[in-house]
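In case it helps, this note's numbering puts the sequence shown at residues 0 to 419.
Just so you know, even glycine gets a beta-carbon here, dropped at the ideal spot from N, CA and C.
Predicted model, so just to flag it, every value in this text is computed and none were measured.
Below: the structure, in structure tokens.
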Amino acid sequence: MKFLDIKLFSVRLILALMLATAIFFGWQSFKLQIASTIAEYTSPFSPDAKIKAEYAFWLSPNDPSVRWFFATVNKDLPSKERARLYEDVVRAAPYDFRWWIELARAREQADEISEAEQAIKQTISIAPSYVYPRWQAGNFYLRSGEIQKAIEEFKKALHHNTIYRQQIFSVLWDFFEKDPKVLEEIVSEIPSAQVDLALFFAAKNLPEESLKIWRQLDEREKKDRQQTASVIAQGLFDKRFFRTALEFSKEIGFDTNAGLEKITNGGFELPVKRESEAYFDWKIIAAAKTEFNLDPANKKEGNRSLRIQFNGYNGTQFYHFYQTVAVQPSTKYILSFWYRAEKIRTVGPPIIEIINANDDKPIKSSQPLVDTNEWRLMEMNFVTPDNAEGIIIRVGRVVCGEQCPIFGTIWLDDFQLKRS
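Pasting the structure below:
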């Protein structure tokens, strides 16, 4: 019996020890999870952050994220003491570059510049191919006044990744007082970065600089980055930099037939598409009781003309057929075209209007397009305003107020724009 009692006691003791061990390790794991969750999801700026940080530190003092949280919330400490707290973070995880970056910041704030640089270098040695350490190093050297070192780090960051490129451009743009040459030099040997710089310049309303960078690319790089060129073209067009928008649009194949001071498809020999991707071609906006068609039976030159048939259109204005043309400012031009008109019945007959595309103000309007037996030539002399990079040539109508329907048909052909 004694042997059986001893054996039973041993079994119970082993089970008790196993249970105690499981409870101990379970509690330890629970503490680590609670501490880590507090550090991860509590904002350092929340009112109770300091209390939570102290509790998390008590639960798991060796967790680097907990140590970082504890150091971060103790912002009222002297900067040198805070730097020591971040050194504790690094000791807990010496091979995590993120904590070395935090230490570098703390040391820099404590005026320990040499030690901060050591931390920055350690960050790069741990993750030499990561862009974030390079980005941080560039900013550190820029603040320290070591401009060449900063530029070298930024160059390496540009090589490694595209994420921080626009931020790097912005930092250097402001630091060097908006000098485009500095940025051009930095990306001179990095074609993909040159593309992003072209986008940056376009966003900064520097169309000529954007186009200059783009033209430095080889044809392969241009082909690979057509999407970026499309974004630039759209952005420049929307900002009304029409001359450079035209060049980018030609690069991506949208306006292959367009040109500066040139009307595209002036004789309507090519199709006129309602949903054309081109920026500098005829555009049609659907209008009630109005038909737009190419007419091979009635034309002045070539194989066809444009026919617009009004079947009671009643809008006070008509702006449903137009083309944007890139031009030079303060320049004398002659717009010529041929037209025919038949059975026009309205108080507000159709006209051709020339609009300043940069501010939407009218430049010139033609005489009304009244009934004619034959094709008639019309010429419009005008001068582009000082701010005009583009003009809009459109079919309009004489303003006649509400309830002023228009009936009849006009044909248009052979639009040309020349300097006078």
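Residues near residue i in its chain [Cβ-Cβ closer than 7 Å; skip 5 each side]
{"i": "E101", "result": "W67, Y85, V88"}
{"i": "S181", "result": "One point to set straight first is that residue 181 is Val, not Ser, in the sequence displayed. If we look at V181 and ignore the five residues flanking it on each side, its Cβ neighbours are L171, F175."}
{"i": "V369", "result": "A340, I343, P348"}
{"i": "H158", "result": "I189"}
{"i": "Q27", "result": "Confidence in Q27 is poor, its pLDDT being 47 and thus under 50, which makes the residue's placement too unreliable to answer from."}
{"i": "I231", "result": "A197, L198, A201, S209, F247"}
Nearest-angstrom beta carbon gap, residue j and residue i [assumed within contact, 8 Å]
{"i": "T408", "j": "R306", "result": "6 Å"}
{"i": "A356", "j": "T323", "result": "6 Å"}
{"i": "I405", "j": "Y318", "result": "I405 to Y318, Cβ: 14 Å. No contact."}
{"i": "K299", "j": "D412", "result": "4 Å"}
{"i": "P179", "j": "E208", "result": "5 Å"}
{"i": "R393", "j": "I354", "result": "7 Å"}
{"i": "I123", "j": "A136", "result": "6 Å"}
Cutoff 6 Å; reference residue i; Cβ partners in own chain excluding five residues on either side
{"i": "P328", "result": "T383, D385, A387"}
{"i": "G25", "result": "Caution applies to G25, whose pLDDT of 47 falls short of 50 and renders its modelled position unreliable; the model cannot decide the point."}
{"i": "F139", "result": "I119"}
{"i": "W213", "result": "A197"}
{"i": "F236", "result": "A244, Y278"}
{"i": "K417", "result": "I333"}
{"i": "N256", "result": "T263"}
{"i": "V271", "result": "W281"}
{"i": "V346", "result": "C399, C403"}
{"i": "R242", "result": "A325, E388"}
{"i": "S78", "result": "Q108, A109"}
{"i": "F163", "result": "Note that residue 163 is Tyr in the sequence shown, not Phe. Result list for Y163: V130, W134, A156, in chain order."}
Residue i - containing beta strand (DSSP E), residue span
{"i": "S304", "result": "304 to 312"}
{"i": "G424", "result": "This structure cannot speak to residue 424, because the chain is shown only from 0 to 419."}
{"i": "F336", "result": "331 to 344"}
{"i": "A325", "result": "320 to 325"}
{"i": "F363", "result": "Looking at the sequence shown, residue 363 is not Phe but Lys. From DSSP, the beta strand (DSSP E) with K363 extends over 361 to 364."}
{"i": "I354", "result": "349 to 355"}
{"i": "E378", "result": "375 to 382"}
Enclosing alpha helix (DSSP H) for residue i [first to last residue]
{"i": "V65", "result": "63 to 72"}
{"i": "K180", "result": "179 to 185"}
{"i": "P132", "result": "130 to 143"}
{"i": "D195", "result": "190 to 202"}
{"i": "V170", "result": "164 to 174"}
Nonlocal neighbours in the same chain, by C-beta distance under 8 Å from residue i, ignoring five residues either side
{"i": "A21", "result": "Low local confidence applies: a pLDDT of 49 at A21 is under 50, so the model's placement there is unreliable, and no value is given."}
{"i": "F23", "result": "Confidence in F23 is poor, its pLDDT being 47 and thus under 50, which makes the residue's placement unreliable; the coordinate value appears in the next sentence. Contacts found: none."}
Legend entry - Complete runs of the alpha helix (DSSP H) confined to the stretch 209 to 291 [at least 4 residues]: 218 to 223, 225 to 237, 241 to 250
Inset, instruction - Note down, one range per segment and in chain order, each alpha helix (DSSP H) of at least 4 residues found wholly within the stretch 85 to 115. - result: Complete alpha helix (DSSP H) runs here, min 4: 96 to 108.
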